[in-house]
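Q:
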Amino acid sequence: MNFEALYKLSYGLYVISSHKDGKPNGMIANTVFQVTSKPVMIAVCLNRENLTNSYVKESKVFSVSILEKDTPMEFIGKFGFRSGKEIDKFKNIDFFWGKTGAPIVREHAVAYLEAEVRDSMEIRTHTLFVGEVVEADILEEKEVLSYAYYHYVKKGKVPKTATIYLESSMSQLQGSNSFQNMD
34 MNFEALYKLS YGLYVISSHK DGKPNGMIAN TVFQVTSKPV MIAVCLNREN
84 LTNSYVKESK VFSVSILEKD TPMEFIGKFG FRSGKEIDKF KNIDFFWGKT
134 GAPIVREHAV AYLEAEVRDS MEIRTHTLFV GEVVEADILE EKEVLSYAYY
184 HYVKKGKVPK TATIYLESSM SQLQGSNSFQ NMD
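Take the position in the sequence shown, starting the count at 1, then add 33; the result is the number in my numbering.
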């Protein structure tokens, strides 16, 4: 099987954020998509090991900050390869509290969506959250960051908790030392 076929699916890179007891947390995700138009519903898929997953489960809200093409790797690394169990990911980050109380990352974002969870499904290692969009806005008129650009141009890595991580094919394509274990 040629797993590279999966790389032909279109993805973006997003910061998915939520909160618990007034503490914000967020993570990088690539699986965000619109499900319906009336009402406007979106879905995000988050690994169950990620702290943001438990925050979304508890608060029943999340935000999606759509990243700009020129987002620095250091910023992606902070939200994608560091755990909110160990650091405050929102320290020194430009963000605001949204309509639902979810934190919304403004830094390096071209737009955001804010949603209230209406349904969820456990899928082996991940949870698929479906949320009704209650707020959305455009922040910057810039090109969005695609996963293809992140992976092939920026040479970005894939954490083992990502929806697109495929151990057998990814290690063959990039070398097994390219991956970091994200909690």
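A virtual CB, placed ideally from N, CA and C, is assigned to each residue, including glycine.
Consult DSSP for Gly59 and reduce its assignment to one of helix, strand or coil.
A: It is a strand residue.
Q: Can you have a look at Thr85 and say buried or exposed, based on whether 16 or more other CB atoms are within 10 angstroms of its CB?
A: So Thr85 counts as buried.
Q: Measuring only the C-alpha atoms, how far is Asn125 from Met34?
A: Distance between the alpha carbons of Asn125 and Met34 is about 44 Å.
Q: Which residue wins for smallest C-alpha separation from Glu176, given the options Leu39, Leu46, Lys41?
A: Of the candidates Leu39, Leu46, Lys41, the one whose C-alpha sits nearest the C-alpha of Glu176 is Leu46.
Q: On the criterion of 16 or more Cβ atoms from any shown chain inside 10 Å, does Gln213 qualify as buried, or is it exposed?
A: Residue placement at Gln213 is poorly supported in this model, since its pLDDT is 32, which falls under 50; the coordinates are not used for a value here.
Q: Do the segment 78 to 95 and the segment 54 to 65 meet, that is, are 3 or more Cβ pairs less than 8 Å apart?
A: Contact between the segment 78 to 95 and the segment 54 to 65 is present, because at least three Cβ pairs lie under 8 Å.
Q: Please tell me whether, using a cut-off of 7 Å, the distance from the CB of Glu147 to the nearest non-hydrogen atom of the ligand SAM is below it.
A: In the structure shown, the ligand SAM is absent, as is every other ligand, since no ligand is present at all.
Q: Thinking C-beta only, is Lys132 closer than 8 Å to Glu147?
A: Contact flag set, yes.
Q: Spatial neighbours of Ala142 within its chain, please: CB distance less than 8 Å, with the 5 preceding and 5 following residues excluded, ordered by chain position.
A: Taken in chain order, the residues that qualify are Val48, Ser98, Ile99, Leu100, Glu101, Leu172, Glu173.
Q: Any beta carbon from chain B within less than 8 Å of Thr133's own beta carbon?
A: Among the chains of the structure shown, chain B does not appear; only one protein chain is present.
Q: Rounded to whole angstroms, how far is the Cβ of Thr64 from the Cβ of Val77, which I believe are closer than 8 Å?
A: With a Cβ gap of about 7 Å, Thr64 and Val77 count as contacting.
Q: What separation, rounded to the nearest whole angstrom, lies between the Cα atoms of Phe95 and Thr104?
A: Near 21 Å, if we compare the C-alpha coordinates of Thr104 and Phe95.
Q: At what residue ranges does the segment 85 to 123 contain a whole run of the alpha helix (DSSP H), taking only runs of 4 or more?
A: List check, alpha helix (DSSP H) in window: 106 to 113.
Q: Return yes when the Cβ of Glu149 is within less than 8 Å of the Cβ of Lys93, no when it is not.
A: Yes, the pair counts as a contact, with Cβ atoms nearer than the cut-off.
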